[in-house]
Amino acid sequence: MVIEAEPEPIEIEPSKTALILVDMQNAFVAQQGYFHLLHRCPEQRTEIVENCKLLLEASRRAGLLIVYLKMVVERQMGAWGHRLSFFRKSRGLSFLRSHPEHLDRLYVEGSWGCEIVSELRPTPGEIVIEKRTYDGFLGTSLDLLLRGHGRTHLIFAGVATNVCVETTLRHAFCLGYFPILVSDATIHVGEETVREATILNVKSHFGWVTTLSDVQRALIQ
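Residue numbering for the sequence shown follows this note's numbering, starting at 179 and increasing by one per position.
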């Protein structure tokens with residue numbers, strides 16, 4: 179199978195490929211989630227859920243390994259998290275400190291916000307990995323699971339293009355994987371220029387950039 183992509187097409191084998199869905203949780207893409215409260219990406223949330231659903235369906239039919247990454251913070255983090263740079267820089271955690279009444283809408287363990295959106299709910303046998311930072315590999319079993327399943331090529335989608343998706347994708351590249359970013363199955367936070375920078379960085383230095391329709395066409399070959 180060959181996926182049309184930039185800077186050039188890339189060949190994949192379903193038995194060696196995984197779909198990595200990053201942080202498709204209520205906090206980020208559901209109505210009444212944390213992003214909704216902050217009026218972030220209002221027009222794009224519906225579109226990304228639909229595009230990720232189509233990508234997920236095509237990947238399941240083709241027999242790709244399905245991996246969900248979830249952003250999770252412990253409820254007790256408020257007692258010690260202030261010592262960590264991540265706690266200070268994370269807008270979500272800063273918001274939670276100011277508005278503890280909205281805890282359930284964020285990615286706090288056990289909360290509604292932490293759950294994967296219903297449209298993309300995992301099926302039995304699909305892998306769900308909790309991460310504590312932007313990086314899906316740091317402090318998790320993701321690398322071991324991918325290597326154990328013989329996966330070399332990783333298709334990335336989810337939230338946010340320029341934060342958790344890009345951070346995990348870059349780490350994947352440094353570990354020797356072949357990362358493929360599905361540009362219209364992700365949404366960014368910030369100005370459009372940050373999305374453009376991520377796409378340019380990926381196709382120039384860290385992997386390949388493609389679209390949902392190109393992946394769908396490749397997976398039915």
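No residue lacks a Cβ here, since even glycine has one placed at the ideal position from N, Cα and C. Quantities reported herein were computed from a predicted structural model and do not represent experimental measurements.
Checklist line | Cβ contact (3+ pairs, closer than 8 Å) linking the stretch 207 to 214 and the stretch 346 to 362 | finding: Because the criterion of three Cβ pairs below 8 Å is not met, the stretch 207 to 214 and the stretch 346 to 362 do not touch.
Checklist line | Beta-carbon spacing of residue 324, residue 196 below 8 Å | finding: The residue given as residue 324 occupies position 146 in the sequence shown. The residue given as residue 196 occupies position 18 in the sequence shown. Yes, the Cβ-Cβ distance between residue 324 and residue 196 is below 8 Å.
Checklist line | Contact check, residue 245 vs residue 223, beta carbons under 8 Å | finding: Here residue 245 corresponds to residue number 67 of the sequence shown, with the count starting at 1. Here residue 223 corresponds to residue number 45 of the sequence shown, with the count starting at 1. Against a cut-off of 8 Å, the Cβ pair of residue 223 and residue 245 comes out as no contact.
Next item on the list: With a 10 Å radius around its C-beta and 16 neighbouring C-beta atoms as the bar for buried, classify residue 369 as buried or exposed.
Entry: In the sequence shown, the residue the question calls residue 369 occupies position 191. Under this definition residue 369 is an exposed residue.
Notebook entry, point to check: Does the Cβ of residue 294 lie closer than 7 Å to at least one heavy atom of the ligand MG?
Noted result: As presented, the structure is devoid of all ligands, the ligand MG included, so that no description of it is given.
Check: Contact between the stretch 226 to 245 and the stretch 378 to 388: three or more CB pairs below 8 Å?
Finding: no
Next item on the list: State the DSSP-derived secondary structure class of residue 246, mapped to helix, strand or coil.
Entry: Position 68 of the sequence shown holds residue 246. Strand, per DSSP.
Check: In terms of residues, what are the limits of the alpha helix (DSSP H) holding residue 349?
Finding: In the sequence shown, the residue the question calls residue 349 occupies position 171. Counting along the chain, the alpha helix (DSSP H) containing residue 349 begins and ends at 344 to 352.
Next item on the list: State the Cα-Cα distance for the pair residue 182 and residue 343, rounded to the nearest angstrom.
Entry: Taking the sequence shown and counting its residues from 1, one reaches residue 182 at position 4. Taking the sequence shown and counting its residues from 1, one reaches residue 343 at position 165. The alpha-carbon atoms of residue 182 and residue 343 are separated by roughly 20 Å.
Checklist line | Status (buried if at least 16 other CB within 10 Å, exposed otherwise) for residue 331 | finding: Along the sequence shown, one-based indexing puts residue 331 at 153. Looking at its Cβ environment, which holds 16 or more other Cβ atoms inside 10 Å, residue 331 is buried.
Margin query: By the DSSP assignment, the beta strand (DSSP E) with residue 356 in it spans what residues?
Written below: Looking up residue 356 in the sequence shown gives position 178. First-last of the beta strand (DSSP E) with residue 356: 356 to 365.
Next item on the list: Decide if residue 203 is buried, meaning its Cβ has at least 16 other Cβ atoms within 10 Å, or exposed.
Entry: If you number the sequence shown from 1, residue 203 lands on position 25. It is buried - the Cβ of residue 203 has at least 16 other Cβ atoms within 10 Å.
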